[in-house]
Every structure is written in C-alpha cells, then in structure tokens.
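Undergrad: Pasting a structure below so you can have a look.
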Amino acid sequence: MPLLAGLPVIAFLLILIALIKKSPFGFRLSFLWAAAIWSFVAVAMSEGFSISHALTQGFVAGGWAATACVALIVLFVYPNGPQKNGLDKLKDFSKTEMTLGILAILAIVVVGVNAFFAAPNNWDSMTYHLPRVLHWVQDRSIEYYPTHILRQLYQPPGAEFFILQFQILSNSDRFSNLIQWFAMLSSALVLSLIVGELGAGRKGQLLTAFLSVTIPMGILKGSSTQNDYVAGFWLAASVLFGLRCLRPDRPRQAWFDAIGAGLSLGFAFLTKGTVYVFVTPWVLAFVLTGVLKKRKSVFSDIIVIALICLAVNAGFYSRNIKLFGAPLSAGTEDYMNTGGMLNNGLSNVIRNTALHFGTPNPEFNAVLKEKVLQLQSGLGLGKTGAANTWGEFDIPLWSTSEDIAGNPLHVVLIVVALILVFVQRQPALLRFYSLAVIASFLLFCILLKWQLFHSRLQLPLFLLSVPIVAWVLEKVRPRFFIPLLAIFLVLSSLPPLFCNERHPLVGKKNVFNMPRAEQYFSYRKFMALPYLVAVKYTASRPASDVGLLLGGDDWEYPLWILLKKDRPDIKIRHVGVNNVSRSLTGSNDGSVSLIISELADPPDHLTFDGKVYLKRQQFSFMSIYEN
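The letter at position 102 of the sequence shown is residue 125 when you use our numbering, and the numbering goes up by one with no holes.
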C-alpha cells in the first residue's frame, strides 16, 4: 500500500516536533537530531528484522508506527524544554537576505519535484544501488547472497537502507530519489549551522544555504539514487558536532554533541567509503586541538564517537569480514594510487581541479587537456598512467549529467575565499576549518587515482567549503557584489535544475510525459527494447523462479522492477556465479526454470547442476533459456 510509505515521514515529523518542544535545541539542530534518530531506527530495523528474515511490510510498518507512538508519548507526557528564541521576523530580513532564502527554497522545491516524478536511471543505481534493495526485499533480509555484481555486497549500504524502508512500504521506487533530496535539504540547514559556529551572522548563514543548493553537481545528485549527497550530509553533520565539542563555552548538554558526532560519522561511514579519506584530517585536527587546549573531555568524546560508529557499522563490517576477510573491501577495482604518492597527489590536484572547467567545445577541452599535461610535465610530475589514473585522463564536455558535471563557479569562489582567509589573517577557528578542508582534498588526491567521475565524489568537499565562501562574502563590500554573484549562480543553476541530462523537467521528453518504463533507460536508450521484450516474454511464461546470468557491471535493476510489476510473485536470483559469493546460501543453480542472460556470445544451451537450459529467445544482447 503506497499510503504506508507515509509512516516514516509521520514518524520523522513527530520526532522533530517533540525535539523542538522538549529539547534545548533550536529548529535547525532539532531537525538534524530528528534525522539522526530516524536514521538510527531505519538502520536498527534493517539489521534487526533481517536476523529472523522478518524484513517485511508488516514488521517495517509496525516499527515506524511504534516509533511515531514513542514520539507522541514524549510530546504529550514530558514537560516542555526551555524557551528558545523563535525564528527571526521576516520584516527584520534585508531584501538580499529574503531573496537568498527564497531562491534557496525554490531550488530545493524544483529538485524535489524532479526527485519524485523521475524514475531512477543512473548507471550505478541500475547495477548495484537499487538491485541490492530488491534482493533484500525478496529475501526479507540484508544478508549477503550470490551475485555476479559484487558491488551489491561490499559497498556501504547506508543510503540503500533508507531507500529500503520506502520500497518495502510502497512496493514502488517512487520515493527512492527523495533520500538524496532530503540530504540536500538537510545539508543546507547543517552548513548554515557550521558557518554560525565559525562566527557568521544571519546573512552568512543564508548565503551558505544558497551556495550549497546552487552547486551544479549537488542539484543533479539531489534527484538521484546514488549516495554522494547522503554521505556529504552526514560528514557535514559530524563536523558540526565536532566543532560544538570544541567550544570554549561548552554547554552542559555537550555530551549530546559527542553522541551526535558518533551517529553522524557512523552513518557517513555506512554510506560511502570516501568518507574515511575525507574525515581523517578532521579527526586528527579534533584530537590535536583538544590536546593542545587541554580539554579533558577530548578522550572521552573520542571513545563515545568510536563506539557509536562501530555499533552503527557492526553488521556491515561483520558481513564483509565473513565473506571478504576484511571490514572494507574494494572488490576487484584498484582505486588507490601506487608509486610516487607525492607526485601522483600533486598531479591529481591539478587534474581534479581541471575536471570542473570543461566546456561544450571539444577543441577548447582538448587544448585545456594538453595544457594540464604540459603543466604536469613542467613541474616534473611525470606522465599519467595506471599508477595514478583509473581509465584515461580527459576533460569532459560541459554537461548536466549527474556523473560528470563540473562546478566551475564554485571552484573559483572556494579558491579565492581560501586565499583571502590566510592572506587577511582571519579568525583562528576559520583558518583551522579551512586547513582541514584543504587537507581533506589533498588526501583525496594523494590516495585515490584520478577518474572522470571525481566531480561527484568531491561533492562532500564542496559542501564543507561553502561555509568558508559565505563567511568571506558576508564581509564583502560593496553591497551590490552579493546580488550580482547571486544572479550568476542562479543562471548557472538553471541548466542542472531544469535540463538534467537523465531526467529533464522541460523539453519534448521530460519526466512528466515520458513513460516511467522508458525513463529507466534514459542513460542507454538502445537497451530499452531488448529489456522490455525480454521482460514481456518472461512474464508470459509459467516460470516462478528466474535466474540471471550477468556481467559484473550489467544493468540488473530494470529486469527486477519491470518484471515484478507484471509478476510480483516471481523469484529472481543470480545463477552461474563464479566469484567468492557463490559459496553463500541460495547458489543452487538447478532450482530455476528460466534464465535471462546478457552473455556477449550466447551459446545454444547452458548446463547448471546437471540441468540443461535451451535458448528459446534472443532479443539483441538479451537471451532467454528454459529448462
């Protein structure tokens, strides 16, 4: 029942209202805590119900109903907390502040509309983000299963745990994109709190929110089912709580901040592996600052944060250790730099920055690429190659693709702001924060091979950087500069807002008039007909168990979502698995009666566990075998 999908939303709203009424926090901090509590419940239910294969619609609905009831009890039984200052009266806002706030809200609303109406169609979402969710729904458990696509297992599952709640309750992916959209909304609030911790006023906080929602890559990610925005939000939340822990006038409820940092960092780790790279300088800076300022609480804070992080990730770590022998695995992909780490790192600083300045002109991009390579050579950094490059170095064309879009204006603003912070000797806390951002970027470049998709992987760094830009802009004179900059940012935001390459809001074919089944293939239009024909044929057969014989990066999700629409009773699993996951329960190939294959050179028959499957149909690259 789609209406059941409202239960998690109701639970969140009740938690938020209870926190606003009963806690000493203001609205924005209460919102962050409500998100943390909601996420903890989602993770706990995903892990807990899986133990007895009880991850079903009934149990999940009951879990969210119980959560809502607890929030109601708190709301009506416990006394109200101390009075807090209300929201500033709108009449006190300047025209610039009002405009910034309205523009930020409009951007969030437009992205939200796209997120709701668009079907997921990102490559990674089709191969592993969303198929793993449907495997969990079918298995009633998040336990590992045999699969040709190992990323479905070893990649952190945090964002997918949140998608799972709505998938189970609605039997639909209509709400899947909204997880990243919610992270976009939440990030704007959290980043405005961070710049407040750095000493900015109301204008600086509104500027921060506005700058964060006008990042082109962020706009595109806000309506996708990847996890970069979710990771960026939780990373920013952990930084906020860390800053609060370091306050000289640390309040009595400071132990809340250590718990908040632990939960936020735990969710960030559970969402994306790059967080381990980004957060390392922040952790070192936190410890060093605490020691130098002789904060007795720093070690107890570290213990609390570490224990909570471990608790949140314990299930994921244990499953990885059991199958792969380590809590974190990179599968067969070699993403780490090798050889001269310093030279590779400096080379990647140049190339990761150049990524954002691609234009629609291929000739200009070719010249820019050549200049980058010449600069590397002139600095003695050597050539690009397998040691520091995943794929082949190139400057992508200007794009509104959520995989490769650049953020040129924000790069310029960030670089100028960082220069001004150190040249003008700004406050120590701002310099401390800026150094941590720079160190995160440098570590990212030193450790990870350059790849064409690094623009999206850098999104958390852009989010953490906008408070620096906003702090500097708040002090800018003359006053017309900010409105002028806002115009440029709005204009640069229009293409990603309305002309998203994968799911546009305007144009002849957009998310409102394009059939949802067709939208799944916006990334690879030529695949639509073979998939749709194969699904139609499979649905017409009496088979109740279907096997998938796929490559390590094939599109599995459309087979699930389209086939389940016609045959919700059908069981789907991988067969002929030859990697480490074959040893898992459920790898008996012989129990399926029909096999869908994407083999490049399909034979006339397949044999699994003594059963022969004959090729009955061939639709382009899709083959159907039956026993």
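Just so it is clear, CB atoms sit at the ideal spot from N, CA and C, and this is done for glycine as well. On a predicted model such as this, the values are computed, not experimentally measured, just so you know.
#1: Put threonine 122 into one of helix, strand or coil per three-state DSSP.
#2: Ends of the beta strand (DSSP E) at phenylalanine 170?
#3: Mind checking whether alanine 462 and leucine 123 have CB atoms under 9 angstroms apart?
#4: Per DSSP, what kind of secondary structure is valine 132 in: helix, strand or coil?
#5: Between the Cα of leucine 269 and those of Ser287, Val306 and Gln399, spot the shortest distance and give me the residue it belongs to.
#6: Using the three-state DSSP reduction, which class does tyrosine 9 fall into: helix, strand or coil?
#7: Evaluate glutamine 447 with the Cβ neighbour count: other Cβ atoms within 10 Å of its Cβ, from every protein chain shown; 16 or more gives buried, anything less gives exposed.
#8: Out of curiosity, what's the CA-to-CA distance linking proline 25 and aspartate 576?
#9: Does the count of Cβ pairs from the stretch 374 to 392 and the stretch 341 to 361 closer than 8 angstroms reach three?
#10: For a quick check, are the C-beta atoms of histidine 433 and isoleucine 165 less than 9 angstroms apart?
#11: Assuming the contact rule is C-beta atoms closer than 8 angstroms, valine 569 and isoleucine 595 should be a hit. Round their C-beta distance to whole Å, please.
#12: From the DSSP output, in three-state form, read off valine 597 for me.
#13: Under 8 angstroms Cβ to Cβ from valine 658, same chain only, skipping five residues before and after it: list those, please.
#14: Assign alanine 130 to one of two classes, buried (16 or more other C-beta atoms within 10 Å of its C-beta) or exposed (fewer than that).
#15: The beta strand (DSSP E) that contains isoleucine 326, what's its start and end?
#16: Find the nearest neighbour of isoleucine 593 within the set Val615, Gly574 and Arg605, judged by alpha-carbon distance.
#17: Quick test of your reading: tyrosine 168 and histidine 158, contact by CB under 8 angstroms. State the CB separation rounded to the nearest angstrom.
#18: Give me, in chain order, the residues of the same chain whose beta-carbon lies closer than 7 angstroms to that of isoleucine 128; leave out the 5 immediate sequence neighbours on both sides.
#19: Within 10 angstroms of the Cβ of isoleucine 326, are there 16 or more other Cβ atoms? Answer buried if so, exposed if not.
#20: Measure from the alpha carbon of leucine 201 to the alpha carbon of each residue in Trp494, Gly414 and Asn137, then state which is nearest.
#21: Hey, how far is the Cα of leucine 330 from the Cα of serine 620?
#22: Going along the chain, which residues of its own chain have a beta-carbon closer than 6 angstroms to the beta-carbon of leucine 441, five neighbours each way excluded?
#23: Which same chain residues, not among the five before or five after isoleucine 40, have their C-beta less than 8 angstroms away from its C-beta?
#24: With a cut-off of 8 angstroms on the beta carbons, I'd call alanine 28 and phenylalanine 198 a contact; round off their distance for me.
#25: Check whether the stretch 238 to 253 and the stretch 419 to 433 are in contact - that is, three or more C-beta pairs closer than 8 angstroms.
#26: Would you give the residue range spanned by the alpha helix (DSSP H) that histidine 2 belongs to?
#27: I need the straight-line Cα distance from alanine 259 to leucine 552, nearest angstrom please.
#28: Is DSSP giving histidine 379 helix, strand or coil here?
#29: Among residues of its own chain, excluding the 5 on either side of cysteine 468, which ones have a beta-carbon nearer than 7 angstroms to its beta-carbon?
#30: Could you give the residue range of the alpha helix (DSSP H) that holds leucine 299?
#31: Given this structure, state the Cα-to-Cα distance separating leucine 482 from isoleucine 584, to the nearest angstrom.
#32: Do you know whose CA, among His76, Trp473 and Lys587, lies nearest methionine 364's CA?
#33: To the nearest angstrom, report how far apart aspartate 612 and leucine 637 are at their CA atoms.
#34: In whole angstroms, what is the alpha-carbon distance linking methionine 537 and leucine 42?
#35: Kindly indicate which three-state DSSP category lysine 472 falls into: helix, strand or coil?
#36: Helix, strand or coil for methionine 537 per DSSP?
TA: Reading from the atomic positions:
#1: Walking along the sequence shown from the start, residue 122 turns up at place 99. Note: threonine 122 maps to helix in three-state DSSP.
#2: As a position in the sequence shown, residue 170 is number 147, starting the count at 1. In the sequence under discussion, the amino acid at residue 170 is threonine, which differs from the phenylalanine named in the question. Where threonine 170 is concerned, there is no enclosing beta strand (DSSP E), given that its DSSP letter is neither H nor E.
#3: Within the sequence shown, numbered from 1, the residue matching residue 462 stands at position 439. Within the sequence shown, numbered from 1, the residue matching residue 123 stands at position 100. No, they are not a contact pair.
#4: Your numbering for residue 132 matches position 109 in the sequence shown. Valine 132 falls in the helix class under three-state DSSP.
#5: On the sequence shown, position 246 is the one that residue 269 refers to. Out of Ser287, Val306 and Gln399, the CA that lies nearest to the CA of leucine 269 is found in Val306.
#6: In the structure as shown, the chain starts at 24 and stops at 650, and residue 9 therefore has no counterpart that could be examined.
#7: Reading the sequence shown from its first residue, position 424 is the one you call residue 447. Under this definition glutamine 447 is an exposed residue.
#8: The sequence position of residue 25 within the sequence shown is 2, counting from 1. The sequence position of residue 576 within the sequence shown is 553, counting from 1. Whole-angstrom Cα-Cα distance: 31 angstroms.
#9: Not touching, per the Cβ criterion.
#10: Position 410 of the sequence shown, counted from the start, is the residue given in the question as residue 433. Position 142 of the sequence shown, counted from the start, is the residue given in the question as residue 165. No.
#11: Within the sequence shown, numbered from 1, the residue matching residue 569 stands at position 546. Within the sequence shown, numbered from 1, the residue matching residue 595 stands at position 572. Between valine 569 and isoleucine 595 a beta carbon distance of about 5 angstroms is seen, short of the 8 angstroms cut, so the two are scored as contacting.
#12: Counted from its first residue, the sequence shown places residue 597 at position 574. Checking the sequence shown, residue 597 turns out to be histidine, not valine. Of the three classes helix, strand and coil, the one that applies to histidine 597 here is strand, per DSSP.
#13: With the chain represented from 24 up to 650, any question about residue 658 goes unanswered, as that position is not in the structure.
#14: Working through the sequence shown from its first residue, we reach residue 130 at position 107. Buried.
#15: Here residue 326 refers to the residue found at position 303 when the sequence shown is read from its first residue. Where isoleucine 326 is concerned, there is no enclosing beta strand (DSSP E), although the alpha helix (DSSP H) it sits in stretches over 320 to 347.
#16: Position 570 of the sequence shown, counted from the first residue, corresponds to residue 593. It is Val615 whose Cα lies nearest to the Cα of isoleucine 593.
#17: As a position in the sequence shown, residue 168 is number 145, starting the count at 1. As a position in the sequence shown, residue 158 is number 135, starting the count at 1. Right, the Cβ-Cβ distance comes to about 6 angstroms (below 8 angstroms), so this counts as a contact.
#18: One-based indexing of the sequence shown puts residue 128 at position 105. Within the same chain, isoleucine 128 has no close Cβ partners at all.
#19: Translated into the one-based positions of the sequence shown, residue 326 becomes position 303. By the neighbour-count rule (16 or more Cβ atoms within 10 Å), isoleucine 326 is not buried but exposed.
#20: For the purposes of this step, residue 201 is identified with residue 178 of the sequence shown, where counting begins at 1. With distances taken between Cα atoms, leucine 201 lies closest to Asn137.
#21: If you number the sequence shown from 1, residue 330 lands on position 307. If you number the sequence shown from 1, residue 620 lands on position 597. If I take the Cα positions, the gap works out to 45 angstroms.
#22: For the purposes of this step, residue 441 is identified with residue 418 of the sequence shown, where counting begins at 1. So the qualifying residues of the chain are Ser457.
#23: Walking along the sequence shown from the start, residue 40 turns up at place 17. The answer, listed in chain order, is Ala94 and Leu98.
#24: Here residue 28 refers to the residue found at position 5 of the sequence shown. Here residue 198 refers to the residue found at position 175 of the sequence shown. With a Cβ gap of about 6 angstroms, alanine 28 and phenylalanine 198 count as contacting.
#25: Taking a cut-off of 8 angstroms on C-beta distances, the stretch 238 to 253 touches the stretch 419 to 433, as three or more cross pairs fall below it.
#26: Residue coverage of the chain in this structure runs from 24 to 650, which leaves residue 2 outside it and unanswerable.
#27: Mapped onto the sequence shown, residue 259 falls at position 236. Mapped onto the sequence shown, residue 552 falls at position 529. A straight-line Cα-Cα distance of about 42 angstroms links alanine 259 and leucine 552.
#28: For the purposes of this step, residue 379 is taken as the residue at position 356 of the sequence shown. Per DSSP, reduced to three states, the secondary structure at histidine 379 is helical.
#29: Working through the sequence shown from its first residue, we reach residue 468 at position 445. The answer, listed in chain order, is Gly368, Asn371, Val372 and Asn375.
#30: Numbered from its first residue, the sequence shown carries residue 299 at position 276. A small fix is needed here, since residue 299 is tyrosine in this sequence, not leucine. Taken as a continuous stretch (DSSP letters only), the alpha helix (DSSP H) holding tyrosine 299 covers 297 to 315.
#31: Translated into the one-based positions of the sequence shown, residue 482 becomes position 459. Translated into the one-based positions of the sequence shown, residue 584 becomes position 561. C-alpha separation (whole angstroms): 29 angstroms.
#32: Here residue 364 corresponds to residue number 341 of the sequence shown, with the count starting at 1. Here the closest residue by C-alpha is Trp473.
#33: In the sequence shown, counting from the first residue as 1, residue 612 sits at position 589. In the sequence shown, counting from the first residue as 1, residue 637 sits at position 614. The predicted model places aspartate 612 with a pLDDT of 49, which falls under 50 and marks its position as unreliable, so this point remains unresolved.
#34: The residue given as residue 537 occupies position 514 in the sequence shown. The residue given as residue 42 occupies position 19 in the sequence shown. The alpha-carbon atoms of methionine 537 and leucine 42 are separated by roughly 42 angstroms.
#35: For the purposes of this step, residue 472 is taken as residue 449 along the sequence shown, with counting starting at 1. In the structure shown, lysine 472 sits in coil (DSSP, three-state: anything other than H, G, I, E or B).
#36: On the sequence shown, position 514 is the one that residue 537 refers to. Secondary structure at methionine 537: coil, using DSSP grouped into helix, strand and coil.
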